[in-house]
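To convert, note that position 57 of the sequence shown is 72 in this note's numbering; the numbers rise steadily by one, no gaps. Where is the CB? At the ideal position from N, CA and C, for every residue including glycine.
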Amino acid sequence: MSQRVTVIGGGVVGLATAYALVRAGCLVDVVEARDSLASATSFANGGQLSYRYVAPLADAGVPWQALGWLLRGDSPLRLRLRMDPAQWRWLAAFVMACRTPVNRRNAAQLLGLALESQAALARWREQDGLDDFAWRRNGKLVAFRTQRAFAHAREQLLDPVSQRVLDAEQVRLLEPALAEAPFVGGVFTPDEEVADCHRFCLRLAERLQASGQCRLWLGQPVTRLIRRKDEVVALALADRQLDVQRLVLCAGHRSAGLGLPGLDLPVYPLKGYSLTAPIAAHRAPEVSLTDYERKIVYARLDQQLRVAAMVDIVGYDDSVDAGRLRSMRRLAGETLPEAADYDQAVEWAGMRPATPTGVPIIGATPYRNLWLNLGHGALGFTLACGSGERLARMMG
Ligand SMILES: Cc1cc2nc3c(=O)[nH]c(=O)nc-3n(C[C@H](O)[C@H](O)[C@H](O)COP(=O)(O)OP(=O)(O)OC[C@H]3O[C@@H](n4cnc5c(N)ncnc54)[C@H](O)[C@@H]3O)c2cc1C
């Protein structure tokens, strides 16, 4: 008889995990707290499948740089200290991870997972015909405003064979939408991809339902994991219990709330924002763009421009901060004034489920039938397919 696996969380990581498990022949239940799938952090993220730009935030010098940012009004980073030991523990572990050798080691792990993920998505698209989620291999341009940052990037090229270093003129030739932008140069990586994460999740959900191997339980917040000795036997839902054979926790930034004794889940929310503006007759960039100094990403998703940025360490408040969005709108309008109708932009805030090191937690636990796939931080869309397949292999 096929294995039955219950997945908590219907975001991109939970759905990709469910999809990989169904492909491996399992019967799957996806239990999601909200009434709709992928309506938390996987809803309107930056849309970047940024396989070769996975270096974690925690790096040598970042705490000092962060102190400088905190003094600026339009800073990419905002920190509000709270009476929350989880926040302090997370910050302390983050500072400990800000060392060059640790960053290199974690970046290498993330790169391996990212390339697995790119291959997994290619298989799902080609073998299963998964499409209609604004996927394109359009390449990514990381553009620099200062010669110093540009020179540093040239020295650090990850893949000098396929990555192209472009001067200011070549940047404008590659991407005419940047004709007026003040970039001094850039690095272009042609194999990078872009897609709409929410639409991708909906396509996965359709396939899961059509497989006959998956049940989706929507509007069912799990309040507690019920255990017997070293095993989880059931989930406590609002009005019933759901028995489980094998369980995978993919509850994003809420995962720590479902912890069990002996299970340390160092995941904390890093809030970010996006704008989704109609392109219509505008001149939007075809390549994905990262404005390196301002830490803003731009992606064209069919007839919309998605702009994403900011890291707010402010606890679990997921509200949209009008001031932060105003600042993003102004910066986007300065850099790409002709690219989209920013006045019509839809605003959104989401909570990146971040570990201090930036490396997600994928694998077994001290509980015999409990597995984890969480903590993908700023790269959950990029890493979801590879993480799902990796976990399905481990469980197999
Ligand atoms: C502004 C911004 C831009 C980003 N840009 C990019 C990008 O360009 N590329 C990229 O790769 N990544 C990007 N990310 C990161 C990416 O969006 C996340 O890493 C990813 O969405 C996390 O997916 P998840 O499934 O782990 O979490 P979620 O999408 O949050 O899913 C978790 C699900 O679990 C459910 N849940 C939680 N608790 C319970 C419970 N108790 N019972 C039942 N269900 C529960 C939630 O309702 C939710 O639906 C960005 C994030 C932000 C905020």
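Length of the line joining the Cα atoms of residue i and residue j
i	j	result
ASP336	THR56	16 Å
GLN318	ALA295	7 Å
GLY274	GLU47	17 Å
THR350	ARG315	15 Å
PRO276	VAL77	33 Å
VAL69	GLY127	10 Å
LEU217	ARG163	43 Å
ARG38	VAL374	25 Å
SER334	ALA364	7 Å
VAL361	PRO381	43 Å
PRO284	ARG120	23 Å
LEU387	PRO352	43 Å
GLU404	ALA33	9 Å
PRO293	ASP258	45 Å
PRO300	TYR313	8 Å
TRP139	LEU231	20 Å
ALA393	ASP254	34 Å
ASP99	ASP279	16 Å
ALA369	PRO191	35 Å
ALA107	LYS310	23 Å
ALA347	ALA266	32 Å
ARG169	VAL180	7 Å
Exposed unless 16 or more other CB atoms sit within 10 angstroms - verdict on residue i
i	result
THR115	exposed
ALA59	buried
GLY12	There is simply no residue 12 to check, as the chain begins at 16 and stops at 411 in what is shown.
MET409	exposed
VAL202	buried
ARG95	exposed
LYS155	buried
SER17	exposed
ASP245	exposed
SER402	buried
ASP182	exposed
HIS167	exposed
SER270	buried
PRO91	buried
GLY83	exposed
Cβ-heavy atom distance, residue i to ligand 2, below 7 Å
i	result
TYR288	Among the ligands present in this structure, namely ligand 1, ligand 2 is not found.
Member of the options whose CA lies at the smallest distance from the CA of residue i
i	options	result
ARG339	ALA129, PHE203, TYR331, VAL326	VAL326
TYR288	ARG367, LEU240, ARG120	ARG367
TRP150	SER177, LEU394, GLN178, PHE215	PHE215
GLU308	LEU30, VAL110, PHE159	PHE159
ARG243	LEU233, GLN260, ALA196	GLN260
THR372	ARG93, VAL110, ALA271	VAL110
ARG19	GLU131, VAL27, CYS41, ALA31	CYS41
ASP50	ALA35, ILE241, GLN80, PRO236	PRO236
GLY26	SER177, VAL263, ARG152, LEU86	VAL263
ARG298	ASP146, THR305, TRP103, LEU320	LEU320
ALA358	VAL329, GLY330, ALA324, LEU290	According to the sequence provided, residue 358 is Asp. The question's Ala does not apply to it. Closest option to ASP358, Cα to Cα, is LEU290.
Whole-number beta carbon distance between residue j and residue i, since they are thought to touch under 8 Å
i	j	result
TYR66	GLN124	Their Cβ separation, rounded to whole angstroms, is 14 Å, which puts TYR66 and GLN124 out of contact at 8 Å.
VAL209	GLY62	5 Å
VAL7	LEU193	Outside the modelled stretch of the chain, which goes from 16 to 411, sits residue 7, for which no answer is possible.
CYS229	VAL45	7 Å
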